[in-house]
Amino acid sequence: MKIFIIGPVQMYDEVLKVRKADFPYFRTDLFSSMMKNNSQRLASLIGCKNHNNLMFFTMSGTAAMEATIQNCVKDSDKCLVINGGTFGKRFCELLKCNNKKYDSIDLNWNEQLTEKHLAPFDNKGYTVLFVNLHETSSGQLYNIELLSNFCKKNGLIFIVDAISTFLADKYNMDRYDIDVTIISSQKGLCCSAGMSIIALSNKMLHRIEDIHPTTQYFNFKDYLMNMQRGQTPYTPAVGIVHEIDAILTLIDKIGLDKWLSKIEEKAKYFRKKASELGLVIPNNYTLSNAITPVYFENNTANYIVQKLREDFDIYVNPCGGILADKLLRVSHIGNTTLSDIDYLLEKISLILDKNNKEGKYDRK
Ligand SMILES: *Cc1c(COP(=O)(O)O)cnc(C)c1O
Numbered sequence: 002m003k004i005f006i007i008g009p010v011q012m013y014d015e016v017l018k019v020r021k022a023d024f025p026y027f028r029t030d031l032f033s034s035m036m037k038n039n040s041q042r043l044a045s046l047i048g049c050k051n052h053n054n055l056m057f058f059t060m061s062g063t064a065a066m067e068a069t070i071q072n073c074v075k076d077s078d079k080c081l082v083i084n085g086g087t088f089g090k091r092f093c094e095l096l097k098c099n100n101k102k103y104d105s106i107d108l109n110w111n112e113q114l115t116e117k118h119l120a121p122f123d124n125k126g127y128t129v130l131f132v133n134l135h136e137t138s139s140g141q142l143y144n145i146e147l148l149s150n151f152c153k154k155n156g157l158i159f160i161v162d163a164i165s166t167f168l169a170d171k172y173n174m175d176r177y178d179i180d181v182t183i184i185s186s187q188k189g190l191c192c193s194a195g196m197s198i199i200a201l202s203n204k205m206l207h208r209i210e211d212i213h214p215t216t217q218y219f220n221f222k223d224y225l226m227n228m229q230r231g232q233t234p235y236t237p238a239v240g241i242v243h244e245i246d247a248i249l250t251l252i253d254k255i256g257l258d259k260w261l262s263k264i265e266e267k268a269k270y271f272r273k274k275a276s277e278l279g280l281v282i283p284n285n286y287t288l289s290n291a292i293t294p295v296y297f298e299n300n301t302a303n304y305i306v307q308k309l310r311e312d313f314d315i316y317v318n319p320c321g322g323i324l325a326d327k328l329l330r331v332s333h334i335g336n337t338t339l340s341d342i343d344y345l346l347e348k349i350s351l352i353l354d355k356n357n358k359e360g361k362y363d364r365k
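Numbering (my numbering), first residue to last: 2 to 365.
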């Protein structure tokens, strides 16, 4: 089996080894110190000065997005969402579901976010901006500087879902005055699905004092208080805490720069080789190193995703909705190599050649 999925990814042996083991009881000093150590190392990777502002939740990324809305947004807030695909739309749905006021900047899937999209929303009384910095559904990596400057100029709270960009592209929370960073265990961290981590700025730490969410499990104040002793209010996904410890140790050993450059190398290699094969990679917007979308004019994307799975036990990400037949996505995070990419492209090529014979033309 070869996994080119954005998450859960092809895992590293260091993490797989941990997954097999039994986990000792967790309300202990030993577990507390592992939590604190994880928190300190993650804070440094996120670029968040204060590691006491991190919270560990046992929940998927979407729950972390919703918990952020419940804890960080006031009823009086006027929110703005960058909506360039599935995950931007999800912020809109969650805000609506939680009765918060919002407007959205709606982009076509292949439309790059620029200054001109933001201009009409300048000086219009907005108080919070939401973005999925890497919109995973299209692969677009938004311009963090553009968004950060817009937030500063307008005095906006800046909330970033960094789930699919963290540990794939460079990221720094403090440098860009980000107030909330959301990440999940199954993407850049290459661990099992089931944990999300939320980091707050000091400004957000003060802001949540006055917000009283009608939720018990998701109450940030409980998590922040418990984190001071290296614990969570309720039983965490103990195994994933151990996995995170293992992957952070590996990243430490490799070094963040080298970790990121390995992913960048895989992304560049795939894009070059795929183009040489005549595959079409959208080039009118900036791509994250985490994933590469491949475009099939003749509606064979979903067919290729299925054939790769059924005939070769290779997994790539399909797309949902109207793009299902047009686009598939290949992830570059996880324990894959350049020769794995060769293998994948060889199999895609085989499928396409067979298609060509049958008159389904897919190449440029
Ligand atoms: C994967 C992902 C999520 C989380 O989705 P869940 O299925 O709830 O874990 C959220 N935002 C982005 C940008 C993602 O890529």
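Cβ atoms here follow ideal geometry from the backbone N, Cα and C, with glycine treated the same way.
The beta carbons of isoleucine 264 and asparagine 284 sit no closer together than 8 angstroms. Counting C-beta pairs closer than 8 angstroms gives fewer than three between the segment 297–315 and the segment 103–123, which falls short of the contact rule. Distances between the C-beta of serine 193 and the heavy atoms of ligand 1 are all 7 angstroms or more. With respect to the C-alpha of valine 306, the residue from Asp312, Pro294, Pro319 having the closest C-alpha is Pro319. Nearest C-alpha to glutamate 244 among Leu17, Gly360, Met2, Tyr26: Leu17. Taking one beta carbon from each stretch, the segment 178–190 and the segment 198–216 have 3 or more pairs nearer than 8 angstroms; the two touch. Around the beta carbon of leucine 31, a 10 Å sphere encloses fewer than 16 other beta carbons of the protein chains shown; the residue is thus reported as exposed.
Linking glycine 322 to asparagine 109 through their CA atoms gives a straight-line distance of about 13 angstroms. Of all alpha-carbon atoms in Met228, His333, Gly126, the one lying nearest the alpha-carbon of isoleucine 7 is that of His333. Between the beta-carbon of phenylalanine 167 and that of isoleucine 47 there is about 7 angstroms, and that keeps the pair under the 8 angstroms contact cut.
Distance from the Cα of aspartate 14 is smallest, within the candidate group Asn150, Val331, Leu148, Thr250, for Thr250.
In the DSSP assignment, tyrosine 270 falls within the unbroken alpha helix (DSSP H) covering 257–277. Approximately 6 angstroms separates the beta-carbon atoms of asparagine 84 and isoleucine 106; this is inside 8 angstroms, confirming the contact. Bounds of any beta strand (DSSP E) do not take in cysteine 191, whose DSSP letter is neither H nor E. Membership of arginine 330 in the beta strand (DSSP E) is indicated by the continuous run 328–332. Around the C-beta of alanine 268, 16 or more other C-beta atoms lie within 10 Å, and the residue is accordingly described as buried.
Taken through DSSP and simplified to helix, strand or coil, phenylalanine 92 comes out as helix. Residue burial annotation: threonine 137 is buried, with at least 16 other C-beta atoms found within 10 angstroms of its C-beta. In the structure shown, aspartate 170 adopts extended strand secondary structure according to DSSP, grouped into three states.
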